[in-house]
Every structure is written in structure tokens, then in C-alpha cells.
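Everything on this sheet refers to the single structure shown next.
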Amino acid sequence: MSDVRRFAVFGGVYNNFLSLEATLNDARALGCEAIYCLGDMGGFGPQPDRVFPLLRDVPDLFVMQGNYDHSIGNRLEDCACGYTDPRDNYYAQISYDYTLANTADAHKDWLRDLPTEFRHTWAGQRVLMAHGSPRQVNEFLWESMCPDAFLEHLLKSYEADVLFVTHTGIPWKRELEGGRQVINVGAIGRPANNGRTSVDYALVEVDAQGVRVDFREVEYDHEALAALMREEELPEPFVETILTGWWTTCLEVMPARERAAGVY
Amino acid sequence: MIDLNLAIDRPPEGPAPELELRHLDTLWLQVTGTLCNLACRHCFISCGPKNESHPFMELEEVRRAVETAAAMGVKEFYFTGGEPFMHPQIREMIALTLEHGPLSILTNGVLIDEELAAWLAETFHNARYNFDVRVSLDGTTPEENDAIRGRHTFEKILGGAVRLHEAGLNPVFTVTTCHAELAESAGRQRFFDLLAERGITRPRLKFLAPFKIGREERRGGAYEDFERLSEGMLDEEARASLQCSSCRMVTAKGVYPCPILIEEEGARMGDTLDDAMGPIKLDHPACYTCFVEGVTCRT
Ligand code: SF4
Ligand code: SF4
Ligand SMILES: [Fe+2]
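Residue numbers (the working numbering), protein chains in the order written: chain A, 691 to 954; chain B, 538 to 836.
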């Protein structure tokens, strides 16, 4: 029996029940004792109700509310993304309306009542998990937009040594002075605008030395997902993202730096 | 739609709201003061070639403000003017700021020649943090834009933007919605079409409402008496969404709450950032525009 404890942290399911299943299988096969989902169950992918059997009433899984879950759970009219590009807006609204219409009432209630943060102490370090940022559910923490000193400020104000967030869809991590760290776990529901069809989650190892975080790449049957998205008549640019690994919409919220790494 | 004007045409009762600074997320720097190579008719601080009411900032002033804000955990920096590229040391200012965090620079684009565009693109690629250039354009035709920004500026602005794009940058276009229909989706589509024609196929656009002060007051008319904020009008969410709950503006003449009020009587908060961490009074009519239009600096 080793004295390394393992945990998994992921976010951004976006209706992708196939990558969700693959992620959970991978984390369990690696012996993760607990798995944390940082929210945003809906949007983008097909057949929203198929993620819930994988997420609800599972003893090793802890699920948090994201901004999308808040909107769907409270039956709001849109995801309040506020795009100014008419094309982004158009597609975002299609997938929001689709998700709202195809999520069962009982699941909406469950989304509405989810917690909004998790706290733990691992190896003596104060661990905080939030959706966007600890101070605002829909704040984007992009790698190129977060000065070290700003992250230090967040950690200090929210009394944490290790912070996990999601919401942007692109993973990154940063080590700060004194062993403190911030990790954006990215999203498992949509590739990270890197030309790979796989997705990533954060695998955490905790031992006497501290908390180590690595990204773990997960392959899943993305072609099956794409086929189902076409069957459901979801926008073709979304399907293209699943098949190519490049974002085609919602690029407006992405900083120029991250965007320059993509093809659009 | 409810017509607010029917219900309230008198000044609201009660004192103007006070607003705390939650955290300094955004530091604005008025690097070229009120000096500009254009004199746009909607400029809310009446900038122009002869307006020296706010002079250029010195390099060391910029460094001091940037370092002070960085130590406070600031999230992002904005350079504005006037026209920032008129400053002889603008490149040093950009470089030192990008050491500490992401920077957006607001320009009218006119001075961006090939050499500058290449330098900006290289800076973008080498910087640790994000670097954005925002170009102001106020119409999709020369007639529309030039009526506001001045004769022949349409092609000069687009020329600068296209050079940026060819050098490998994707500038953000900011549009002041003096022509109200530009904010509608058909108006927006015209921008996308225009920029696509010039080879900018994935443009980034930001639409801003005009502030009825400075030269814009003479162009579009001043504020009415009812256009004021009072304590009861702002809930927590509205407070948090006002940019002055998380920003300050540094100029050569001291620190102000925001970029909009630097020429307004009584808005100056002190000499240094440390003097400007207290609450502000939202007693200015421009505050009404921020509240009604949800003005933010975010891209
Ligand atoms: S709006 Fe901008 S470009 Fe026009 S005069 Fe004012 S500062 Fe100069
Ligand atoms: S003009 Fe706008 S940003 Fe400036 S103090 Fe008033 S509300 Fe705040
Ligand atoms: Fe989110």
C-alpha cells in the first residue's frame, strides 16, 4: 500500500457523456479516492440528460454548480454569456435552448441546488475549488490574463494554498512562491483549441511532500459524439470542434494570446 | 420596452451613491494625457493636438504606478490618451508594463505604420501576458466615421488596423454607438462585412455608448436633470458591474476614479494610487450612462 493519495478534478462537461464516462473510468482505474466536478454540465453537446446518471448519487463523485448549471437550474432565458459577435450569440443560444428544453425537471432541480465551492486540507495545504474564480462564478481565469501577484491576491483573500478552477475550457497551471499553486482544470466536454480531439483533467497526487498536479489526457469516442450531434441537428461548427480539436465559435471571450494558438 | 423618460424626468431624490473599491483589478494610465492627433467630435475628454490640460506622463511615473498596482495584485492594465503612440517612450512603457500583467492599448490607429505594427506583433508573441491593441472606428463608411473622427480618418484607421492584422495581430475594434443603429445586430453585421472585405475575417468588436461630456456634450447634447444616480437605484450586482468598483485612472496630474472623469471638477482623488483607495461618490451624470448602458472595459 503506497502512501500516495490520488484525486481527480475536472470541469466543463458540456453534455459530453462519452468523455465524462471515459474521464471517470480513467480516474477510477488510477485509484482516485475522490473525484471533483467543478460544474457546467450543459451546453454544446447532445442529449443533456445522459450525463446525469453518471453524475448523480455516486459515492466517490462531488459535483459543484457552474454558471450554466445556475442558469439551467433556475430556468433562466439564456446563459448570460453576453457575446457581441452575432454568430457566437446565435450558436450559444441554440445550444442553451436545446439544453434547457432537453433537461428533465428533476435534473434541473438538482443543478439548482448544487454547492458552489469545495474546501479540503491535503498535506497540510488549504485546497479551494471554485467554478470561475473564488470571487465570481463567471470570472474567466485565463493563463495570459492572470498576473502572479493577482493570483497571490486571490489565494490570500480566500485563504487557500492551492486553487482549482474551470470555466474557460483551456487548462493551465502555475506554481507561485512558497509552493502555492493555481490550476485551471480546463474542460472535459470540448477539446482545448489545440488540435487534439482528446480532453484533459487534473490528476492530483498528495503525499508527505505536498500536492502535485498533472494533466491527464483522455481519449474517448469523439466520432460517436459527433455523429450524435449531427443526428440532433446541433450546429455544424460545434461538430467540427469535436472532430478537429479547434474552437470555431465563442472565440470572442478568449484572449488574443490563447486565441493565437488556435487556427481561428 | 419601458420608456424610462416618461416615468422619471425629475432629478432623483436622495444623495448620490457611494461606491467602495472592491479590489484594484484594472489600472488605467492616461499616458499621453489629453493630447491627440485627432479631435473627434464625440471625445468625452475633448482631446486634441492642442489640449494640454493633462500632459504626457513620464516613463518613471508610469513605472511607479504600474509597480504600485502590481504590488496590490492588479489584474490588468490599460493605456489610453489622447493617442498613446504619440509618446516617444511608448515602447518602453509597453515593455515594462507587460512584465507585470496583461495590457490593452487604446489607439486611433492612425500612427501605426509597418514598422510599429511589426514591433507590436513581436511584443505580443514574446510577452508573458496578453497584449491587446484596440482600434477605434466609428462607422462602416467614410461618411459615417469621418463625420465623427474627422476628414479622411476612415481610411487611415483601417490602414493601421490592416497593418496590425498583416503583422499577425488581431486588434479589437471599438465602436462608439453615436449612430444608434450600429449597436443593433444588422449594424454589427455591417462591421463584420467591412472587415472581412479588408481581410480581417475573425474580427473582435466592442460597442460603447457615448458619454455626454467633453466635446460629445456639444455634439449630442448634455445630460438631462433626471440622468443622475441616487442611493436606492443601485443593488449589489449593479455596484459590482460598475468598472469604478475595481479600477482607477492614473494621469500626469494625479489619480481619478475612472477614464471618463479626468476633466471633471472634483473627481481627482489624490497624487498617488495609495491616496485613491477610498470610496467614490457617483454624483456625476456620466455615472448614469455607466449604470444604464453597463459600460465596462472588458473586451
Ligand atoms: S476619441 Fe480618441 S482619437 Fe478621438 S480625439 Fe478623443 S482621444 Fe483622440
Ligand atoms: S463615470 Fe462611470 S466609471 Fe466613472 S465614476 Fe461614474 S460610474 Fe464610475
Ligand atoms: Fe462556466
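Glycine included, every Cβ here is placed at the ideal spot set by N, Cα and C. All figures in this text were calculated on a predicted structure; none of them were measured in a lab.
Is any heavy atom in ligand 1 found nearer than 7 angstroms to the beta carbon of residue i?
i: Ser673/B; result: yes
With DSSP run on the structure shown, which of helix, strand or coil describes residue i?
i: Val792/B; result: strand
i: Met754/A; result: coil
i: Thr634/B; result: helix
i: Thr938/A; result: coil
i: Ile694/B; result: helix
i: Leu558/B; result: coil
i: Asn705/A; result: coil
i: Ala698/A; result: strand
i: Met806/B; result: coil
i: Ile762/A; result: helix
i: Asp540/B; result: Residue placement at Asp540/B is flagged as unreliable, the pLDDT there being 43, under the threshold of 50; a coordinate-derived value is accordingly withheld.
i: Ser888/A; result: coil
i: Ile649/B; result: coil
i: Glu830/B; result: helix
i: Met819/A; result: strand
i: Ile878/A; result: coil
i: Glu948/A; result: helix
i: Arg735/B; result: coil
i: Leu674/B; result: coil
i: Cys769/A; result: coil
i: Asp838/A; result: helix
Looking at C-alpha atoms only, which residue of the options is the closest neighbour of residue i?
i: Arg578/B; options: Glu754/B, Lys587/B, Glu718/B; result: Glu754/B
i: His689/B; options: Gly646/B, Ile627/B, Gly619/B; result: Gly646/B
i: Gly619/B; options: Leu771/B, Ser673/B, His821/B, Gly570/B; result: Gly570/B
i: Gly732/A; options: Arg718/A, Arg695/A, Arg802/A; result: Arg802/A
i: Asp811/B; options: Leu564/B, Ile642/B, Asn588/B; result: Leu564/B
i: Trp800/A; options: Phe840/A, Phe742/A, Glu909/A; result: Phe742/A
i: Met594/B; options: Gln567/B, Glu604/B, Phe614/B; result: Gln567/B
i: Phe905/A; options: Gln783/A, Gln899/A, Ala877/A, Ala914/A; result: Ala877/A
i: Arg776/B; options: Pro639/B, Cys824/B, Arg628/B, Ile799/B; result: Cys824/B
i: Gly879/A; options: Asp739/A, Phe697/A, Asp693/A, Ser709/A; result: Ser709/A
i: Ala950/A; options: Ala655/B, His662/B, Gln626/B, Cys715/B; result: His662/B
i: Ala794/A; options: His912/A, Gly859/A, Leu728/A, Asp739/A; result: Asp739/A
i: Arg686/B; options: Val829/B, Leu561/B, Cys715/B; result: Cys715/B
i: Ala602/B; options: Ala789/B, Arg752/B, Ile817/B, Ala804/B; result: Ala789/B
i: Glu917/B; options: Asn574/B, Pro816/B, Cys827/B; result: Residue coverage of chain B in this structure runs from 538 to 836, which leaves residue 917/B outside it and unanswerable.
So if DSSP puts residue i in a beta bridge, which residue, or which two residues, is it bridged to?
i: Asp904/A; result: Leu893/A
i: Ser872/A; result: The sequence given here has Val at residue 872/A, not Ser. DSSP lists Leu853/A, Arg864/A as partners of Val872/A.
i: Ser641/B; result: Tyr615/B, Asp669/B
i: Phe744/B; result: Val712/B
i: Ala684/B; result: Ala684/B is not bridged to any residue.
i: Cys784/B; result: Thr563/B
i: Leu572/B; result: Gly585/B
i: Gln726/B; result: Answer is none; Gln726/B lacks a bridge partner.
i: Ile817/B; result: Leu556/B
i: Gln826/A; result: Ser823/A
With a threshold of 7 angstroms (Cβ to nearest heavy atom), would residue i be considered close to ligand 3?
i: Asp778/A; result: no
i: Asn883/A; result: no
i: His760/A; result: no
i: Asp730/A; result: yes
i: Gly758/B; result: no
i: Gly822/A; result: yes
i: Asn874/A; result: no
i: Asn757/A; result: yes
i: Asn705/A; result: no
i: Asn588/B; result: no
i: Asn828/A; result: yes
With hydrogens ignored, establish whether the beta-carbon of residue i is closer than 7 angstroms to any heavy atom of ligand 2.
i: Ala823/B; result: yes
i: Pro498/B; result: As displayed, chain B neither begins before 538 nor continues past 836, which places residue 498/B out of reach and without an answer.
i: Pro549/B; result: no
i: Ile582/B; result: no
i: Ile799/B; result: no
i: Cys827/B; result: yes
i: Leu731/B; result: no
i: Leu819/B; result: yes
i: Leu779/B; result: yes
i: Pro554/B; result: no
i: Pro794/B; result: yes
Length at least 3, wholly inside the segment 775 to 817 of chain A: the beta strand (DSSP E) runs in chain order: 808 to 812
Nearest-residue set for ligand 5, Cβ under 5 angstroms from any heavy atom: This structure does not include ligand 5; its bound ligands are ligand 1, ligand 2 and ligand 3.
Ranges of the beta strand (DSSP E) found wholly within the segment 710 to 753 of chain A, counting only runs of at least 3: 724 to 727, 751 to 753
Length at least 4, wholly inside the segment 744 to 772 of chain B: the alpha helix (DSSP H) runs in chain order: 752 to 757
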